[in-house]
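Trainee:
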Amino acid sequence: MPFMRQSDLEARAGANSVARAIGGRIRQGRNSRGWTLDQLAERSGVSRRMLVSIEQGSANPSIATLLLISDALGIGLPALVDMDNPPGLRVTRAGTAPVLWRGKLGGRAVLVAGTEPPDVTELWDWTLGPGESHSSQAHAAGTRELLLVLDGQIEVGVGQHAEILAAGDSASFAGDLPHGYANASPAQAARFALTVFEPGVGPGSRSEAADA
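Note that my numbering numbers the sequence shown so that position 99 is 109, with each residue one more than the last.
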């Protein structure tokens, strides 16, 4: 077995813990509705085999897959990741938010906060390693996104249009169009905050999101 740094072991343990928690919440949501795995597969468009693996905590589903499942359950992605919802004020301490995407070049996407249905807002902390990119197909109709570059430079592409944003620059765009983010720097990581607003999340709604 190759040597693994302590930080790598901790990251893997954290990812496994998040996967198990998400799997348990999906199973809970499905059972509370009296749905079989086949029924959830039909409603979400996610295969039964993948759902079994996710519920067992043995899969590493993409953000797109989690969106499809959370929309089918009518709970929204933030509730799927963390269903503790105390009233009034909710605090997520640094380093405790779930990492829902890890890139091959050091990038990651952390869902740091979110709201409940029917109008779901997500707050993300994104990092892209040098030369790294992330793309997504169109989300559900009416989805809107806000982006603020914190470090480095980000190229934001929406439909056929693209803009390069430097630290301190911001953008708003339609998330129901194909879009993506890229770090063109060969040496410097880039970081940005991203807010996603998806209206009308509920039973029967379907996100069209897909990421790579």
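The beta-carbon is built from N, C-alpha and C at its ideal position, and this holds for glycine as well.
Threshold first: 3 residues or longer. Then list the beta strand (DSSP E) segments lying entirely within the region 144-218, N to C.
Mentor: Whole beta strand (DSSP E) segments, 3+ residues: 154-161, 163-168, 171-176, 180-184, 189-192, 200-208.
Trainee: For W136 and chain D, any beta-carbon pair shorter than 9 Å?
Mentor: The structure shown contains no chain D; it is built from a single protein chain.
Trainee: What residue does the alpha helix (DSSP H) around T75 start on, and which one ends it?
Mentor: Segment 73-83, the alpha helix (DSSP H) holding T75.
Trainee: Taking its Cβ as the centre, do 16 or more other Cβ atoms sit within 10 Å of I64, making it buried, or is it exposed?
Mentor: By the 10 Å Cβ count, I64 comes out buried.
Trainee: Whose CA, out of W136, S182, A192, G98, lies closest to the CA of I73?
Mentor: Nearest option by C-alpha distance: W136.
Trainee: Our contact map puts G86 next to E126 with C-beta atoms below 8 Å; I'd like the distance itself, whole angstroms only.
Mentor: Yes, they are in contact, since the Cβ atoms of G86 and E126 sit about 6 Å apart, within 8 Å.
Trainee: Less than 9 Å separating the beta-carbons of F207 and L160?
Mentor: No, Cβ-Cβ distance for F207 and L160 is not below 9 Å.
Trainee: If the criterion is Cβ atoms closer than 9 Å, does the pair S195 and G117 meet it?
Mentor: No, the Cβ-Cβ distance between S195 and G117 is not below 9 Å.
Trainee: Could you pull the start and end residues of the beta strand (DSSP E) that V130 belongs to?
Mentor: Taken as a continuous stretch (DSSP letters only), the beta strand (DSSP E) holding V130 covers 130-138.
Trainee: In angstroms with no decimal places, state the Cα-to-Cα distance between Q38 and S143.
Mentor: Their backbone Cα atoms lie some 34 Å apart in a straight line.
Trainee: Am I right that S54 and I79 are in contact with their C-beta atoms under 8 Å? What's the rounded C-beta distance?
Mentor: Going by Cβ atoms, the distance from S54 to I79 rounds to 5 Å, so yes, they are a contact pair.
Trainee: Between the alpha carbons of V28 and P108, how many angstroms are there, rounded?
Mentor: Whole-angstrom Cα-Cα distance: 6 Å.
Trainee: Taking the beta carbon of E173 as the centre, do at least 16 other beta carbons fall within 10 Å, making it buried, or is it exposed?
Mentor: Exposed, by the Cβ-count rule.
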